[in-house]
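Residues in the sequence shown are numbered consecutively from 78, following this note's numbering. Note that beta-carbon positions come from the ideal geometry of N, C-alpha and C, so glycine has one too. Computed from a predicted structure; not experimentally measured. All remarks here apply to the structure that follows.
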Amino acid sequence: MNKQDFTSAGFSVLGTEPNENKLLCFLKEHYPSVIKDNEIDLQALKTIAGLPIDEKVNGYGLNFVGRNFARAKYAQKTDKELLLNTTLSKHIDTTQNLVLKGDNLDSLKILKHHYSGKIKCIYIDPPYNTTSDEFVYPDKFDKEETEVLGLANLSEEDFDRMDFSFTTKKSHNGWLAFMYPRLLLARDLLSKDGVIFISIDDNEQANLKLLCDEVFGEENFVAQIIWRKRAGGGSDSKYFSVEHEYILIFAKNKNFATVFKFESEEKNYPFEDENGRYTKKPLNNKGLQDSKGLHYDIVCPNGEILIGSENQWVYAQKSFLEMKDKNRIIFERNGNGKWSVKYKLYLHESRGKIPTSILYQVAYNKDGNQDISGLNLFFDYPKPNKLIKLLINFVCQNSTDIILDFFAGSGTTGHAVMQLNAEDGGNRKFILCQIDEPIKKDKPAYSFCIENNLPPVISSITIERLKRAGERLNQDFSKKKQDAQDLFNPNNLENLDKIKVQTLDIGFKVFDSAEAPKLEVDEHGQIAFPKLNGDALSRIYNMIFRVGLDEPTQVPEVVKEGCIYRIGNNYYLTNCEEISREDYSNAIKNGKVFIDGWTASLNGTLLNYKEDVKIVF
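Put into structure tokens, the structure is as follows:
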């Protein structure tokens, strides 16, 4: 059976409902005067928006070959489905984390059914479009595809330009057309207060900023961080040694975005007194804008006077005297024997400071290498765990937030989420997407995969890292919890308060990507019924993803083995030939019923319930 058969028989089929244009509906409801003959009157719309009508205004923006093609790719439905991989998954019955293998364009479209507007934080480290980058993402581009996307009116010249742009190495047009639909989907997935971080270098930084301005809106630009990725020389540039990369930050809606705060680390506050941990800061600061109130004499312990006209202090004299009375001023002699005046900056005072746009000594590339080599794994240029933790911590104060990385690589983002949860007892969740990109034979990661009987693809490293990192973190977490319960530990109450969960989620459900079933015509002109992918549970999970009502990380309860599963009041049915009238009746009586259309037929039993079920393909 197919969608048309069920639709003709009067069934409700998921995905066949007419697509409602939300913008058009909004305008009809709130500004009906701008709609004439079911089309938008642009002049009337400009009048309402207060924009000039007669003047011709030259705007600016990013335009590139393949723009309409990329926009159409965003709107195109995916022809992929997901198969639960129980062998690669870990703690499958309890975990709330996901790893999706396959092209992230398809994965993002599948995620959109349930996760639209629910992702708090996205971090991605996409291909930088350097001479060493090789695009492995199969964004199909040919005559047939342009027709499918409704671009059949392309001239031969336009098609040739696009073909050249997409297939030429290091093409800006090709890279932008690749990123555009993925960023549009990322925007759809972000929650109202969500934020996206994108690592990039000089090759595409300028283009990416303009592209993000269009996708997320200029008004939602938060910052462009400069991250110092290494200290010292290098030979990757003819003119300057490049020590940095960029991290672009955009909000879904900056009016609702979390105010970014920098959580200081205790190790940077090495001293301690009765008021807590502190660091010493110079009171003399000539870098401040000159102010008469910051010049005054200070008397040192031996009576020596530091002349105010020769010094400019951080605080005015009244504040200085108050700090001195509170034992917050420190006099020390420097290497030349001269007096140096410092003040105490406490850890509790610096928590919640707004971060700077330069991440100077947070972590370097070599730290990323150590993160992964410490797990006896191999990967080229992984981002440091500490860097990703910092970015996530900027926005994910809620311990149940969802973090997405759809260029997962070695799995740093998943590792960082688990580590954050281990440190503060949170229950953040991660979703990682990674294509099965082949590893070159001359790479250590290739040898590692072969020696460990793993497919030599990057997703093997992603999953293996999550397993190894999770086990190590779980050991440390268990010890931390045990120490916190020690009655003889004076800090046990504080430590117990930090541990909000009893067990650390170090698991993940892995899903493989596969071609979705579709009817084919055989060589004799007969319709051939497709062979279905996976077992019953995979069919059920596909329905859960497609319907979008339930969290795909949940484990459906078995009502009838291999046939009927439920989450709450939602029932998912597959292998329908084995389901009795009584089974249908009980499910319909207790909740909403969704039926796997590929396993159902228009028999008398099912026809009897066509008003009460929804068919899913």
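Identity of the residues DSSP links to Y323 by a beta bridge: I277, I303
Between the C-alpha atoms of K113 and Q120, what's the straight-line distance to the nearest angstrom? 12 Å
Endpoints, alpha helix (DSSP H) assigned at K419: Premise fails: K419 lies in the beta strand (DSSP E), 416-423, not in any alpha helix (DSSP H).
Just to confirm my understanding: we take Y523, look at its own chain, exclude 5 residues before and 5 after, and list those with CB closer than 6 Å. What are they? I516, P533
Apply the 10 Å Cβ neighbour rule to I196 and answer buried if 16 or more other Cβ atoms are within range, or exposed otherwise. buried
Contacts around I644, its chain only, beta-carbon distance under 6 Å, and the 5 residues preceding and following it disregarded: Once the five neighbours on either side are set aside, the close Cβ partners of I644 are D627, Q631, P633.
Report all residues from its chain with a CB closer than 7 Å to the CB of S110; omit the five preceding and five following residues, and keep chain order. A121
Can you tell me which of K669, V176, D673, N647 puts its alpha carbon nearest to the alpha carbon of E654? D673
Take Y257 and list the residues in its own chain whose beta-carbon comes closer than 6 Å to its own, dropping the five residues that flank it on each side. A147
Mapping the DSSP letters down to three states, classify S193 as helix, strand or coil. coil
Is it buried or exposed for R658, if we count other Cβ within 10 angstroms and need 16 for buried? Classification of R658: exposed, given that the 10 Å Cβ count is below 16.
Could you tell me the alpha carbon to alpha carbon distance between D582 and N504, rounded to whole angstroms? A straight-line Cα-Cα distance of about 7 Å links D582 and N504.
Between the alpha carbons of T580 and N610, how many angstroms are there, rounded? Whole-angstrom Cα-Cα distance: 34 Å.
Simplified DSSP state of P258, which is helix, strand or coil: helix
What number of angstroms, rounded off, separates the C-alpha of L481 from the C-alpha of W390? 46 Å
In the structure shown, what three-state DSSP assignment does A613 receive? helix
Take S476 as the anchor and find which of V494, I326, V299 has the nearest alpha-carbon. V494
Have a look at F408 and K286 and give me their C-alpha separation to the nearest angstrom. 48 Å
Please report the distance separating the alpha-carbon of E500 from that of C289. Looking at the two C-alpha atoms, the distance is approximately 33 Å.
Report yes if the C-beta distance between K157 and L262 is below 8 Å; otherwise report no. no
Runs of beta strand (DSSP E) lying entirely within the stretch 330-382, each at least 3 residues, in chain order: 348-350, 353-359
Under a Cβ-count criterion, where at least 16 other Cβ atoms within 10 Å of its own Cβ denotes burial, should R616 be classed as buried or exposed? buried
In angstroms with no decimal places, state the Cα-to-Cα distance between Q552 and T539. 20 Å
Starting from the Cα of L497, find the closest Cα among F484, E514, L509, N470 and give me that residue. The shortest Cα separation from L497 among F484, E514, L509, N470 belongs to N470.
According to DSSP, what are the bridge partners of P515? Checking the DSSP bridge columns, you'll see P515 partnered with V534.
In three-state terms, what does DSSP make of G491? helix
With T164 as the anchor, note down where its beta strand (DSSP E) starts and where it stops. 157-167
Which runs of the alpha helix (DSSP H) spanning at least 4 residues fall entirely within the stretch 423-485, listed in chain order? 424-427, 442-450, 462-472
List the endpoints of the continuous beta strand (DSSP E) containing E634. 634-637
Between which two residues does the beta strand (DSSP E) containing D170 stretch? Run containing D170: none; DSSP gives neither H nor E here.
Rounded to whole angstroms, what is the Cα-Cα separation between I695 and K520? Here the chain comprises residues numbered 78 to 694, so residue 695 is not present and cannot be evaluated.
Could you check whether the stretch 415-422 touches the stretch 353-362, counting it as contact only if at least three pairs of C-beta atoms, one from each stretch, sit closer than 8 Å? yes
Can at least three beta-carbon pairs, one atom from the stretch 191-205 and one from the stretch 272-284, be found at a separation below 8 Å? yes
Using CA atoms only, rank isn't needed, just tell me which of G451, L468, R405 is closest to I435. Among G451, L468, R405, the Cα nearest to that of I435 is on L468.
Limits of the unbroken beta strand (DSSP E) element including A522: From DSSP, A522 is part of no beta strand (DSSP E) but of the alpha helix (DSSP H) over 521-528.
For D82, report the span of its alpha helix (DSSP H) as first-last. 80-85
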